[in-house]
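Numbering (full-length UniProt numbering), first residue to last: 1 to 126. Reviewing the structure listed below.
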Amino acid sequence: MNSPTRSVLGKLPIVPNGTRHHVPATPRKRKTPTPDRLLGVKQLQETLQEVKKKTRERLNLDFDLDDWQGEVIRRLRQGYDSLMVAGTGYGKSILFEGLAALNKAKIVIVICPLKALERDQVSLWP
Numbered sequence: 001m002n003s004p005t006r007s008v009l010g011k012l013p014i015v016p017n018g019t020r021h022h023v024p025a026t027p028r029k030r031k032t033p034t035p036d037r038l039l040g041v042k043q044l045q046e047t048l049q050e051v052k053k054k055t056r057e058r059l060n061l062d063f064d065l066d067d068w069q070g071e072v073i074r075r076l077r078q079g080y081d082s083l084m085v086a087g088t089g090y091g092k093s094i095l096f097e098g099l100a101a102l103n104k105a106k107i108v109i110v111i112c113p114l115k116a117l118e119r120d121q122v123s124l125w126p
């Protein structure tokens with residue numbers, strides 16, 4: 001019994017038994033991922049100082065943001081996920097307030113476990 005050689009087998013399109021579909025012989029061309037960009041993350045040209053300045057202006061703040069606050073806002077605007085845990089009075093609220101102020105066309109979801117704090121935060125927004 002004669003069997004096809006390897007060179008012939010490599011050139012034949014593979015069609016599974018019982019199907020009517022023709023599988024093209026041309027292989028798919030896949031994009032190679034670039035190491036400088038993550039899936040879903042936008043490239044923003046804003047510097048940390050620009051984010052801090054815009055946030056201060058849009059929220060009419062009379063104080064400067066800490067670098068970590070500006071960096072978290074900047075990363076969130078790029079599309080990174082974030083989870084923030086810090087004690088009372090450390091400035092967590094300014095993160096979602098700044099994010100909402102800089103992204104007017106976006107929705108910011110805040111999960112707040114305390115009803116009193118929730119009412120307090122809602123009353124600040126018109």
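Don't be surprised by glycine CBs; every beta carbon is placed ideally from N, CA and C.
Minimum C-alpha distance to residue i - residue among the options
| i | options | result |
| --- | --- | --- |
| residue 72 | 64, 84, 110 | 84 |
| residue 76 | 58, 89, 60, 106 | 106 |
| residue 61 | 122, 97, 117, 119 | 97 |
C-beta atoms of residue i and residue j nearer than 9 angstroms
| i | j | result |
| --- | --- | --- |
| residue 74 | residue 63 | no |
| residue 52 | residue 67 | yes |
| residue 99 | residue 108 | yes |
Whole-angstrom C-beta distance between residue j and residue i, which should lie under 8 angstroms
| i | j | result |
| --- | --- | --- |
| residue 69 | residue 87 | The pair is not a contact, with the Cβ atoms about 14 angstroms apart (cut-off 8 angstroms). |
| residue 94 | residue 65 | 7 angstroms |
| residue 79 | residue 42 | 5 angstroms |
Residue-level contact to chain D via CB, residue i, 9 angstroms cutoff
| i | result |
| --- | --- |
| residue 123 | Here there is only one protein chain, and chain D is not present. |
Cβ neighbours of residue i in the same chain (closer than 7 angstroms, five flanking residues each side left out)
| i | result |
| --- | --- |
| residue 58 | 101, 102 |
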